[in-house]
Structures are given as C-alpha cells and as structure tokens.
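Below is one structure, written out as structure tokens; the observations come after it.
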Amino acid sequence: MVLLHMPIRVLREAIYSATAWAAGDFFAQFFAAHWEVVRRRAERENGAENNRHNATRPPRGHMMAAVDRPRLVLAALFGVALVPLNAGFNGICSRVIGVPYANMFAAFVLLSARQLFMTPLTLLLYHNTTTYVRGGFDDPTCIQLHKTGADARMAGSYGALAVERRIMTDVMPYPLLSSWLIYFPLSAYCYLTPKPLPGAVAAALLIPWTAHVSYIQKHMLL
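Sequential numbering from 1 applies to the sequence shown in the UniProt record's numbering.
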C-alpha cells in the first residue's frame, strides 16, 4: 500500500509543480502581450492625424494567439524536473533540521537553507536551461543586454561565460529578491500551524513568483 501511495504522491507533486511553472509562464506572456497591445494602441493614437486607418484598425491577431506554446511546454517540463530535486532537499532538511511546524528555530533554518541554496539553484537551473534551449549559448549576441552593468563587463565578448555572468549578476537578483515575498509567508505559516499547507494551495501561491521569473527571463535574456 505504501509503495502504491508513493508513485501517486510523486505524480501529484509533478502535476502541481508543472502547473505552477506553466501557469506562471502563461501569465507572464499574457502580461507582455497586453502591454504590447497598449503600446501599439498609444502609437496609433499619437499618429491618428497622419494615418486614420491605422488608428482604427484592431491589433493583429488576438493576445491569446500570441502565446508561445513551446515556451509553456518547456516551463511545465522544468516544473516536473524540479520534483526530485525538491523532494531530496525536503528530505534532507526534515532529517537534519526537523519539522518546522510550531518550531521557530526549524522554520528559520529551513527558510535560510531554501533562500541561500535551493532558490538560487532553482533560478540558476531555470535561466541556464531556458537560455540554452532558446539558443542563447550558441548565439549569445541575441541576448537582450539592455543597459546594465553586464555591458561594461562583457565589453563586446559574448561567449558562454559572459552569458553565465549575465545570468548570475544581472538577472538572478530580481527573482531571488521577489522570492522572499512567497517563501517568508509560507515559512511563517509553517511555524504558526501544526500541519503542512495543501500542495495545490502552495502551487497556486507560487504562480506570481514563477510569472516574475518567466518575465525576467524573456525581457533580460531570451
């Protein structure tokens, strides 16, 4: 019975994780598409006197049609791939630290371990995997560098090492900082309650952060 329960639990965790990452990516794409429509509409309104036809023409296609489906699939697959990594991390923490429920010390140490190790590792894996799949390491010149400190450091050299430096120094700090808005309340919940948060609820709470991670990836990398 226990052997049957374990695959079901793993499958459930995989579904929750895939949903959280895919949903976050979807909302990031939808948000970007929405603001692109707003920008184009503003441009048409500014030029309405010179081009009345373009001012009244609706945007090409629908925002839903602009959703990058392969990107959604990649996000879902990444969520599934994280399951064994999270399971191993949680298993080690439960044996070494103990359960965080109604235990302030355990809750604090668990939060510290997650934010100093697990979250940076997750971001490093996500940004590297997504950049690699989209060809960022094969052709680093297509990466959106913007005007950040990476421009001066890279100094015209766009090799794989420069891309990695870009990820670690300019991209990761933003989602790492925003992750505290998710994991600190979750840690406080674990301390204040005697039972874990349901997996579906935890996955839903993770979606705003995964959306931010996806948005940063697209607009600062690929």
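Even for Gly, the Cβ is constructed at its ideal location relative to N, Cα and C.
**Report entry** Expected contact under 8 Å - CB spacing of Thr119 and Gln217 to nearest Å
**Finding:** Here the question's residue 119 lines up with position 119 in the sequence shown. Here the question's residue 217 lines up with position 217 in the sequence shown. In fact, because the Cβ distance is near 15 Å, the residues do not count as touching under 8 Å.
Query - Where Gly98 falls: helix, strand or coil (DSSP) - result: In the sequence shown, counting from the first residue as 1, residue 98 sits at position 98. Assignment of Gly98 by DSSP, reduced to helix, strand and coil, places it in the coil class.
**Report entry** Burial state of Gly136 (16 or more Cβ within 10 Å)
**Finding:** Within the sequence shown, the letter at position 136 stands for residue 136. Buried: at least 16 other Cβ atoms inside 10 Å.
Query raised in the report: What does a CB cutoff of less than 7 Å around Ser178 pick up in its chain, not counting 5 residues either side in sequence?
Result: By 1-based counting over the sequence shown, the position of residue 178 is 178. For Ser178, same chain residues with a beta-carbon under 7 Å away, outside a window of 5 residues either side, are Trp209 and His212 in chain order.
Requested in this report: Please name the residue in Arg134, Cys93, Tyr132 and Val99 whose C-alpha comes closest to that of residue 257.
Outcome: Missing from the structure shown is residue 257; the chain here goes from 1 to 222 and no further.
Query raised in the report: Under three-state DSSP, which class holds Val109?
Result: Here residue 109 refers to the residue found at position 109 of the sequence shown. Correct three-state label for Val109: helix.
**Report entry** Cβ-based burial, Glu13 [other Cβ within 10 Å; buried from 16]
**Finding:** If you number the sequence shown from 1, residue 13 lands on position 13. A residue is called buried when at least 16 other Cβ atoms come within 10 angstroms of its Cβ; Glu13 meets this threshold and is buried.
Query raised in the report: Smallest Cα separation from Leu111: which of Tyr189, Tyr174, Ala42 and Glu36?
Result: Residue mapping note: residue 111 aligns to position 111 of the sequence shown, counting from 1. If we check each option's Cα against that of Leu111, Tyr189 comes out closest.
Report task. With distances taken Cα to Cα, identify the nearest neighbour of Met172 among Ala203, Val109, Ala204 and Asn128. Result -> As a position in the sequence shown, residue 172 is number 172, starting the count at 1. Checking every option, the nearest Cα to that of Met172 belongs to Asn128.
Query raised in the report: Which residues in the same chain as Leu121 place their Cβ atom closer than 6 Å to its Cβ, once the five residues preceding and following it in sequence are excluded?
Result: Residue numbering aside, residue 121 sits at position 121 when the sequence shown is read from its first letter. Nothing meets the Cβ criterion.
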